[in-house]
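First up is the structure itself, then whatever we jot down about it.
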Amino acid sequence: MSPDVLGRVRHLRHAFGHLDGRDVLEAVVRTFPGKVAVTSSFGAEAAVLLDLVAQVDPTLPVIVLDTGALFDETLIYCRALTLRLGLSDVRMVHPEPADAAAAEELWLTDADRCCHLRKVLPLRRAVEGFEVLVDGRKRFHGGGREGISTIEVDLDGRIKVSPLARWSQPEIDDAFRLRDLPRHPLVADGYRSIGCWPCSRPVGADEPVRAGRWAGAAKTECGIHRVSKAL
Ligand code: SF4
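Under the numbering used here, read the sequence shown as residues 6 to 236, first letter to last.
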């Protein structure tokens with residue numbers, strides 16, 4: 006990571022690191038016009054971030070990784086929520102056909118490779134030209150997410166902004182209620198974190214939010230949120 010990039014991100018943290026939610030999103034959109042994209046899974050809590058995006062700038066590009074293994078419910082929810090919020094630039098991003106073929110049922114034998122082919126490589130192509138990637142990660146989801154900051158930098162030198170990093174579960178629930186946001190249909194079945202269908206299961210009320218992701222395996226992340234520790 007070059008000292009220039011690190012210095013720039015430290016400056017951003019100094020300027021905006023105390024902001025949350027809509028405020029930090031507005032600040033980066035104003036600072037990097039045309040260079041900000043949002044990533045969303047359209048999962049269990051995605052509506053909260055996307056609602057903020059709609060309030061700040063509904064034309065912001067929203068990148069969705071359509072891995073080929075998403076729940077049908079996610080695709081339906083994606084279309085409905087996009088319409089409801091008035092998002093005008095939701096981009097469904099797919100693996101290259103050869104990568105999709107190579108990843109056929111790879112989740113059974115090599116989940117890291119499967120995520121690389123279905124998520125990491127497509128995202129890398131989709132974010133070319135953007136300087137800032139906004140995501141919906143939150144500290145209360147635990148694991149490696151407990152220590153995230155609202156402003157970070159990924160291993161490619163791209164700025165990552167997580168407007169909800171410091172939000173709590175009650176604050177997320179309040180946002181759904183106060184903004185009358187629709188829930189992903191699988192939430193009613195006990196899913197609290199929703200990714201690909203082979204790697205997501207419902208969780209009990211006493212389990213961590215992400216316990217249903219790659220359940221029974223050591224894996225906890227797909228690899229698209231690899232941030233530098235050099236800050
Ligand atoms: S979450 Fe599972 S199915 Fe989806 S890309 Fe990763 S390993 Fe493959």
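Even glycine gets a Cβ: it sits at the ideal position worked out from N, Cα and C.
Please read all numbers here as calculations on a predicted model, not as lab measurements.
Checklist line | Beta-carbon proximity check, Pro187 vs Val29, cutoff 9 Å | finding: Result no, Cβ atoms of Pro187 and Val29 do not sit closer than 9 Å.
Item checked: Buried or exposed (CB count within 10 angstroms, at least 16 for buried), Thr44 -> By the neighbour-count definition (other C-beta atoms within 10 Å, threshold 16), Thr44 is a buried residue.
Notebook entry, point to check: Expressed to the nearest angstrom, what Euclidean distance is found between the alpha-carbon atoms of Asp211 and Cys204?
Noted result: Those two C-alpha atoms are separated by around 20 Å.
Note to self: Using the three-state DSSP reduction, which class does Leu24 fall into: helix, strand or coil?
What the structure shows: Assigned with DSSP and collapsed to three states, Leu24 falls in coil, not helix or strand.
Next item on the list: State yes or no: is the C-beta of Val137 within less than 9 Å of the C-beta of Ile164?
Entry: Closer than 9 Å, so yes.
Next item on the list: Using DSSP bridges, identify the partner residues of Glu157.
Entry: BP columns for Glu157 point to Lys165.
Margin query: Please state whether the Cβ-Cβ distance between Ile81 and Pro190 is less than 9 Å.
Written below: Less than 9 Å divides the Cβ of Ile81 from the Cβ of Pro190.
Next item on the list: Indicate whether Arg215 and Ser198 have their beta-carbon atoms separated by less than 9 Å.
Entry: In contact: Arg215 and Ser198 (Cβ atoms closer than 9 Å).
Next item on the list: With a threshold of 16 other CB atoms inside 10 Å of the CB of Lys234, please say whether the residue is buried or exposed.
Entry: Residue environment for Lys234: exposed (fewer than 16 other C-beta atoms within 10 angstroms of its C-beta).
Check: What separation, rounded to the nearest whole angstrom, lies between the Cα atoms of Leu54 and Gly26?
Finding: Between Leu54 and Gly26, the C-alpha separation is close to 8 Å.
Check: Apart from the five residues on each side of it in sequence, which residues of its chain come closer than 8 Å, Cβ to Cβ, to Leu11?
Finding: Here the set comprises Val158, Ser233, Ala235 and Leu236.
Notebook entry, point to check: In angstroms, rounded to a whole number, what distance separates the CA positions of Leu70 and Arg123?
Noted result: Distance between the alpha carbons of Leu70 and Arg123 is about 8 Å.
Item checked: Assigned secondary structure, Ile68 (DSSP; H/G/I helix, E/B strand, else coil) -> The DSSP-derived three-state label of Ile68 is strand.
Check: Is the beta carbon of Gly195 within less than 8 Å of some heavy atom of ligand 1?
Finding: For Gly195, the CB stays at least 8 Å from every heavy atom of ligand 1.
Checklist line | Reference Ser173, options Thr36, Cys120 and Gly141, closest by Cα | finding: Among Thr36, Cys120 and Gly141, the Cα nearest to that of Ser173 belongs to Gly141.
Check: Rounded to a whole number of angstroms, what is the C-alpha to C-alpha distance between Gln60 and Phe135?
Finding: CA-CA distance, Gln60 to Phe135, rounds to 21 Å.
Check: Where do the ends of the beta strand (DSSP E) carrying Ala138 lie?
Finding: In the sequence as displayed, the identity of residue 138 is Leu instead of Ala. Element bounds for Leu138: Val137 to Val139.
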